[in-house]
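In UniProt numbering, the protein residues as written are 1 to 273.
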């Protein structure tokens, strides 16, 4: 087959897949700009007759979505910062430090990957209740603070750090904390960006755990607030689509800003170690 023809076929197929992937997002944005009831017409219009931001104003002015947006930022952002620290330290320890039971402990952690997260929700809730962390932002962050997948990801990447580099630092008198902060962390930057995106997306999109642990309506995260709002405005498709845009937009912008580091971390992490 002619190379140009083959390239054109591949590019056309990729373009078609991209359009299929983007179509729901573009439709969601279009409906969010429509007048109330406009999306319920048959056949439904592809574009709004008179684009309006009324649905967004309603969400923030009357439904108080700004508060729930802030709640999601606090929970997802706080979880990401702490999870990066804990997972990075644990992954580095399993990769480069020698201690009794290291391999057995790591294998036990890997075995925990097959256990669904939902299984631990009720025991975790019962543990947090006596600690006063129910209906508290910290309680909503707990499940995402330590991740077996995150530890595994960092460990595999950290194994590529030359042992000679760490030994040279120790010979020069550097302690383990100084080695970790000044040598290891800069070398782990690509995989840390990848891990940060994973953790932030998981915290941002999480629905079940915040629904269980945050009973105060003013503390609800964005997915929970939108689910509650959808029951009150079941016929208001335009407003619900506006809420979906508000939910998707921050993570989409985050990914677009960091996609180069994200892909670099995934590719390097898959071949290192």
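C-beta: ideal position from N, C-alpha, C; glycine also.
*asked:* Quick check on the DSSP output: what are the complete alpha helix (DSSP H) runs of length 4 or more inside the region 157 to 201, in order along the chain?
replied: 163 to 171 and 176 to 179
*Per-residue DSSP class, three states only, for residue 271*: Here residue 271 corresponds to residue number 271 of the chain shown, with the count starting at 1. The pLDDT assigned to residue 271 is 48, lower than 50, so where the model puts this residue is not dependable, and the model offers no usable value.
*May I ask you to check if the CB of residue 38 is nearer than 7 Å to at least one heavy atom of the ligand NAP?*
As presented, the structure is devoid of all ligands, the ligand NAP included, so that no description of it is given.
*Report the rounded CA-to-CA distance for residue 2 versus residue 25, giving the unit in angstroms.*
Counting from 1 along the chain shown, the entry for residue 2 is found at position 2. Counting from 1 along the chain shown, the entry for residue 25 is found at position 25. Each residue's Cα considered, the two are about 35 Å apart.
*In terms of alpha-carbon separation, which member of 256, 249, 238 and 248 lies closest to residue 36?*
Counting from 1 along the chain shown, the entry for residue 36 is found at position 36. Comparing Cα-Cα distances from residue 36 to each of 256, 249, 238 and 248, the minimum goes to 238.
*Exposed or buried, what is residue 173 when buried is set at 16 or more other beta-carbons lying within 10 Å of its beta-carbon?*
As a working note, residue 173 is residue 173 in the chain shown. When all chains shown are included, residue 173 counts as exposed.
*Under 8 Å between C-beta atoms of residue 126 and residue 142*: Counting from one through the chain shown, the residue named residue 126 turns up at place 126. Counting from one through the chain shown, the residue named residue 142 turns up at place 142. With contacts defined by Cβ atoms closer than 8 Å, residue 126 and residue 142 do not form a contacting pair.
*Could you tell me whether the region 150 to 166 touches the region 82 to 102, where touching means 3 or more Cβ pairs closer than 8 Å?*
yes
*Does the distance from the C-beta atom of residue 243 to that of residue 65 stay below 8 Å?*
Sequence index remark: in the chain shown, residue 243 carries index 243 (1-based). Sequence index remark: in the chain shown, residue 65 carries index 65 (1-based). Against a cut-off of 8 Å, the Cβ pair of residue 65 and residue 243 comes out as a contact.
_Tell me the DSSP secondary structure of residue 210 in three-state form._
Here the question's residue 210 lines up with position 210 in the chain shown. Looking at residue 210 - three-state DSSP - the assignment turns out to be helix.
_Distance check for residue 62 and residue 218, CA to CA, integer angstroms please._
Here residue 218 corresponds to residue number 218 of the chain shown, with the count starting at 1. Here residue 62 corresponds to residue number 62 of the chain shown, with the count starting at 1. Using only the alpha carbons, I get a separation of about 14 Å.
*residue 41 (DSSP reduced to helix, strand or coil)*: Locating residue 41 in the chain shown gives position 41, where the first residue counts as 1. Reduced to three states, the DSSP call for residue 41 is coil.
_Limits of the alpha helix (DSSP H) - the one that residue 30 falls within_ = Walking along the chain shown from the start, residue 30 turns up at place 30. Looking at the DSSP string, the run of the alpha helix (DSSP H) that includes residue 30 is 3 to 32.
*asked:* What ranges does the alpha helix (DSSP H) occupy inside the region 79 to 117, keeping only unbroken runs of at least 4 residues that lie completely in it?
replied: 102 to 111
*How is residue 147 classed by DSSP in three states: helix, strand or coil?*
Translated into the one-based positions of the chain shown, residue 147 becomes position 147. Coil, per DSSP.
*Nearest-angstrom Cα distance between residue 4 and residue 200?*
As a working note, residue 4 is residue 4 in the chain shown. As a working note, residue 200 is residue 200 in the chain shown. Approximately 41 Å, taken between the alpha carbons.
*For residue 52, does the three-state DSSP call read helix, strand or coil?*
Taking the first residue of the chain shown as position 1, residue 52 is located at position 52. DSSP places residue 52 in the coil class of the three-state scheme, outside both helix and strand.
*How about residue 166 and residue 179: do their beta carbons lie closer than 8 Å?*
Locating residue 166 in the chain shown gives position 166, counting from the first residue. Locating residue 179 in the chain shown gives position 179, counting from the first residue. Cβ atoms of residue 166 and residue 179: closer than 8 Å.
*Anyone know if the C-beta pair for residue 286 and residue 193 falls short of 8 Å?*
Absent from the model: residue 286. The displayed extent of the chain is 1 to 273, so no value can be given.
_Of the residues 169, 147, 144 and 184, the one placed nearest residue 160, counting alpha carbons only_ = Taking the chain shown and counting its residues from 1, the one referred to as residue 160 is at position 160. Closest option to residue 160, Cα to Cα, is 184.
*When DSSP labels each residue in this structure, what does residue 251 get in the three-state scheme?*
Your numbering for residue 251 matches position 251 in the chain shown. Here residue 251 sits in helix by DSSP.
*DSSP state of residue 203, grouped into three classes?*
The residue given as residue 203 occupies position 203 in the chain shown. Helix, per DSSP.
*Between residue 46 and the rest of its own chain, which residues show a CB-CB distance below 7 Å, the 5 nearest in sequence each way excluded?*
Taking the chain shown and counting its residues from 1, one reaches residue 46 at position 46. Counting only Cβ-Cβ distances below 7 Å, and skipping sequence neighbours, we find 30.
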